[in-house]
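A short worksheet on the structure shown next.
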Amino acid sequence: MTFTNSPIQEVIFNNQKYFIKRDDLLHQDFSGNKARKFYYFLKNDFPNIKKVISHGSAQSNAMYSLSVLCKLKGWEFDYYVDHIASFLKENPIGNYKFALKNGMNIIENQIPEIFAKDELFINEGGALKEASFGIELLAKEIIDWAKINDIKNLKVFLPSGTGTTALYLQQYLPFEVLTCACVGDEEYLQKQFEMLEKETFPTIIKRKKKYHFGKLYKEFYEIHNLLKEQTKIEFDLLYDSLGWIVLEDFVKNDKEKFEYLYIHQGGIIGNSSMVERYNYKYDY
Ligand SMILES: *Cc1c(COP(=O)(O)O)cnc(C)c1O
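Okay, so the sequence shown: first residue is 1 according to our numbering, each after it adds one.
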């Protein structure tokens, strides 16, 4: 499997121009930033590996992408979670449903402390140095596009979970990378950066309000639908809704003349379970 250079598209959202890097379109099964982060494992041979072991939440985008990787590679996949909600067990949906279809063994338990020689451990959310391999390619695509289109004053934005994608993008890009914290707070995100590298960090834009990851916010659902209406692009409900709230506010107050490139990091499969929850809570 090879990746084609994902397209960059120009859109207008609430009267402001943005470019969108469509990494959600990289590949039908293996897309978004998880595909970039796991590209190293896809591209290289690991003749001694039989099984991947990872952990995290039962609805995670990383979990689904790892299930695709393991299927392609013919590896077993053991995924450890603290807990699977009973409604999810009874009514599998989204990432959970499709990862099970790909042969994932989901285990409600602590992750083992030691691994066998033929087992490959992948940290939660793909926060690992090997991720830099695929993200460097993403950076190269952006650099080439900017060159061809003679764009010099560019700021690149993407919302962060572990911060791995934003961090490595900043390492390989000559443009400023802006991000915001979605999973923890700004301090947590900064610590995540420092765990992986010691220098060149992206700029963290502070959120105006505290949000808890995975909780339902009316404004998330609303901006998601506005984006869909105006740009005809479906964005992820967990990260992108907050990302767009933060970016819009930043752009409104940015006094300098810049072009803005938003990285669409995939995650659309996870939306079905989120939409179900929104419909239930707000009766949309
Ligand atoms: C995983 C994910 C993120 C966060 O990526 P990090 O590299 O962990 O910061 C953002 N958006 C989407 C859609 C994701 O699936």
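For glycine and all other residues, C-beta sits at the position ideal for the given N, C-alpha and C.
Taking 7 angstroms as the line, does the beta carbon of residue i fall inside it for any heavy atom of ligand 1?
i	result
proline 92	no
tyrosine 288	Here the chain has residues from 1 to 284 only, and residue 288 is not among them.
serine 54	no
alanine 62	yes
glycine 214	no
glycine 163	yes
alanine 291	Residue numbering for the chain in the displayed model covers 1 to 284; residue 291 lies beyond these limits and cannot be assessed.
asparagine 159	Per the sequence shown, the amino acid found at residue 159 is proline instead of asparagine. Under cutoff, so the answer is yes.
aspartate 236	yes
glycine 134	no
lysine 228	no
lysine 232	no
glycine 32	yes
glycine 125	yes
glutamine 190	no
glutamine 170	no
glutamine 59	no
glycine 184	no
glutamine 28	no
glutamine 16	no
glutamine 9	no
glycine 266	yes
Anyone know if the C-beta pair for residue i and residue j falls short of 8 angstroms?
i	j	result
lysine 37	alanine 131	yes
lysine 208	aspartate 249	yes
glutamine 170	aspartate 23	no
valine 81	isoleucine 49	no
leucine 227	lysine 281	no
phenylalanine 175	tyrosine 260	no
isoleucine 122	leucine 66	yes
asparagine 61	glycine 270	yes
proline 202	leucine 167	yes
glycine 214	glycine 125	no
asparagine 33	glutamate 141	no
tryptophan 145	isoleucine 233	no
tyrosine 278	tyrosine 221	yes
leucine 120	phenylalanine 46	yes
phenylalanine 13	threonine 200	no
glutamine 59	serine 273	yes
DSSP on residue i, reduced to helix/strand/coil?
i	result
tyrosine 211	coil
tyrosine 217	coil
glutamate 136	helix
lysine 152	coil
threonine 179	strand
serine 160	strand
histidine 224	helix
serine 60	coil
lysine 257	coil
tyrosine 18	strand
glutamine 9	strand
serine 273	helix
aspartate 82	coil
isoleucine 53	strand
threonine 285	Summary: the structure shown does not reach residue 285, with the chain confined to residues 1 through 284, and so no result is reported for it.
leucine 120	strand
glutamate 76	strand
isoleucine 233	coil
tyrosine 262	strand
asparagine 33	helix
glutamate 367	With the chain running from 1 to 284 in the structure shown, residue 367 is simply not present.
isoleucine 93	coil
isoleucine 268	helix
Considering only residues of the same chain and omitting the five flanking positions on each side of residue i, which have a CB-CB separation below 6 angstroms?
i	result
cysteine 70	Val52 and Phe77
leucine 173	Ala139
alanine 127	Thr162 and Thr164
Once you ignore the five residues that flank residue i on each side, which residues in its own chain have a CB closer than 7 angstroms to its CB?
i	result
asparagine 109	Tyr80
cysteine 180	Pro159, Ser160, Ile204, Ile205, Arg207, Leu242, Gly243 and Val246
histidine 224	Phe235, Leu237 and Ser241
glycine 74	none
lysine 117	Asn48
glutamine 16	Val251
Using a Cβ-Cβ cut-off of 8 angstroms, state whether residue i counts as contacting chain D.
i	result
glutamine 171	No chain D is part of this structure, which consists of one protein chain only.
Suppose the cutoff is 8 angstroms on Cβ atoms and the five residues either side in sequence are ignored; what does the same chain contact list for residue i look like?
i	result
phenylalanine 3	Leu26, His27, Ala35, Tyr39 and Leu137
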